[in-house]
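J.: Once you've had a glance at the structure underneath, I'll fire off some questions.
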Amino acid sequence: MKEKKELLFTQYEQKLDEFYDAVRKLSKLTVLKADFLEQTTLFRHDRSKLVIFTTDCSITGVDLYHLLLDKYKIQCEMVEKNYVLAMTSIADTKEGFDRLRDAL
C-alpha cells in the first residue's frame with residue numbers, strides 16, 4: 184500500500200465508476216448516486232458504500248439481502264426494509280464488482 188497507493192486508489196475509483204455506470208441501467212433497483220445527494224447540503228456521498236434500494240420492485244431489502252447472500256454468496260453489511268448496504272474497499276476485485284452488478 185505504501186508503495187502503490189496512487190495506483191491502487193486510481194484502480195479502485197475506476198472499478199467504482201464502472202459499477203455505478205452499469206447500475207444506472209437497472210429498471211427496478213436503485214443504487215444511491217452522488218447526483219441525488221447533491222440536491223441537498225445535508226449529506227455527503229461516500230461512493231464506497233453501495234446503498235441499493237428496493238422501493239420500486241416487488242421485493243424488500245430483507246429479501247434482496249438474503250437473495251444476494253444465499254444465491255450469489257455476496258455478503259452485505261446492513262439491511263433495512265427498503266434497502267441493503269454493501270461496503271466496498273480498495274481490496275475488492277473487478278470480478279467482485281461484476282458479480283454484484285450481475286446479481287442486481
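Our numbering applies: residue 184 is where the sequence shown begins, and numbers increase by one.
Cβ coordinates follow ideal geometry from the N, Cα and C atoms, glycine included.
From a predicted model like this one, the values you see are computed outputs, not experimental measurements.
DSSP puts Leu191 in a beta bridge; with which residues?
T.: If you number the sequence shown from 1, residue 191 lands on position 8. Answer is none; Leu191 lacks a bridge partner.
J.: From what residue to what residue does the alpha helix (DSSP H) around Ala274 run?
T.: Position 91 of the sequence shown holds residue 274. For Ala274, no alpha helix (DSSP H) segment is defined, and its DSSP state is neither H nor E.
J.: Quick check on this structure: which residue in Leu190, Cys259, Asp229 has the alpha carbon closest to the alpha carbon of Leu283?
T.: Indexing the sequence shown from 1 puts residue 283 at position 100. Here the closest residue by C-alpha is Cys259.
J.: Using only alpha-carbon positions, find the residue among Lys198, Ala286, Phe192 that is nearest to Leu250.
T.: Locating residue 250 in the sequence shown gives position 67, where the first residue counts as 1. Per the Cα distances, Ala286.
J.: Give me whichever residues DSSP pairs with Arg213 in a beta bridge.
T.: Counting from 1 along the sequence shown, the entry for residue 213 is found at position 30. Checking the displayed sequence, the identity of residue 213 turns out to be Thr instead of Arg. The partner list for Thr213 (beta bridge, DSSP) reads Phe236.
J.: Where do the N-terminal and C-terminal ends of the beta strand (DSSP E) with Leu268 fall, by residue?
T.: Counted from its first residue, the sequence shown places residue 268 at position 85. Here the beta strand (DSSP E) through Leu268 covers 266-270.
J.: By the DSSP assignment, the beta strand (DSSP E) with Met261 in it spans what residues?
T.: Your numbering for residue 261 matches position 78 in the sequence shown. 261-263 is the extent of the beta strand (DSSP E) around Met261.
J.: Closest by CA to Leu199, which one among Val262, Lys256, Thr238, Ser231?
T.: As a first step, residue 199 must be located in the sequence shown, where it is residue number 16. Per the Cα distances, Ser231.
J.: Using C-beta distances below 6 Å, list every residue in its chain close to Gly244, excluding the 5 sequence neighbours before and after it, in chain order.
T.: Counting from one through the sequence shown, the residue named residue 244 turns up at place 61. Excluding sequence neighbours, Gly244 sits near Thr237, Val262, Glu263, Lys264, Asn265, Tyr266, Val267.
J.: So the alpha helix (DSSP H) Leu287 belongs to, where does it begin and stop?
T.: Position 104 of the sequence shown, counted from the start, is the residue given in the question as residue 287. It is not in any alpha helix (DSSP H) - Leu287 carries neither H nor E in the DSSP assignment.
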